[in-house]
Amino acid sequence: MKNLVFIAMLFITAGLAFPAFPQQNGAGVENPLKEEMRLLDVAFKNLIDSVLINDPKGIEEPFHEVHHAKFKTGKALESGGITLPRNHDKMKAFKEMDGRFHETLEGILKAAGAKDMEEVRKKTHEALDGCVQCHSMFRE
Ligand code: HEC
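Following this line, the structure appears as structure tokens:
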């Protein structure tokens, strides 16, 4: 009985030390799409704050990491390393949405560079619609 308790404790400890083993995709890294989305989430929230305080300075920086992550996602989707949670067979539509979304982001960064906060604000609304649209079709 004591041994059983000990073994149970070991498992619990392991569970605490390694919370939620990262989802593997064959390349030995966590799902790159989810990673890209987490980085995008950080960059987007920072963007919203910047709109609120009307300050274009810090907008661009956090998007650099998103850009790198997007490259990995593209490769993983092409190699079949990851699949979309829903409508994976509609990859063409996904790519189109993704393309449009990233064009909007580029527009935001360009406007931020030109300190045109009115344009940043407009395109931030557009981008938000892009997040919701894509999730409603491809996220679980
Ligand atoms: C072109 C499609 C697309 C766009 C645009 C998009 N997402 Fe996602 N996002 C996805 C998909 C697909 C998932 C689900 C990934 C999975 O569960 O494997 C996801 C998941 C997420 C998650 C959950 C990540 C996790 O760890 O489970 C967050 C947060 C997120 N997106 C934020 C955003 C934000 C913020 C935007 C807009 C600024 C955005 N996304 C735009 C496709 C998109």
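With the working numbering, letter number 62 in the sequence shown gets 69, and the count goes up by one each step, no holes.
Glycine included, every Cβ here is placed at the ideal spot set by N, Cα and C.
None of these values were measured; they are calculated from a predicted model.
Residue i, DSSP secondary structure in three states
i, result
"residue 37", "strand"
"residue 90", "coil"
"residue 53", "helix"
"residue 117", "helix"
"residue 62", "coil"
"residue 45", "helix"
"residue 85", "helix"
"residue 128", "helix"
Contact belief for residue i with residue j at Cβ below 8 Å, rounded distance in angstroms
i, j, result
"residue 104", "residue 141", "5 Å"
"residue 93", "residue 45", "Between residue 45 and residue 93 the Cβ distance is about 19 Å, and since that is not below 8 Å, they are no contact."
"residue 80", "residue 43", "5 Å"
Among the options, the one whose alpha carbon lies nearest that of residue i
i, options, result
"residue 64", "144, 147, 118, 113", "118"
"residue 50", "67, 132, 83", "67"
For residue j and residue i, the rounded distance between their alpha carbons
i, j, result
"residue 38", "residue 69", "20 Å"
"residue 85", "residue 132", "30 Å"
"residue 122", "residue 41", "31 Å"
"residue 95", "residue 53", "30 Å"
"residue 144", "residue 112", "20 Å"
"residue 47", "residue 101", "17 Å"
"residue 107", "residue 116", "14 Å"
At least 3 beta-carbon pairs within less than 8 Å: the region 124–132 vs the region 40–60: With a cut-off of 8 Å, the region 40–60 and the region 124–132 count as touching, because enough Cβ pairs lie within range.
Segment contact, 8 Å Cβ cut-off, at least three pairs: the region 69–84 with the region 133–140: no
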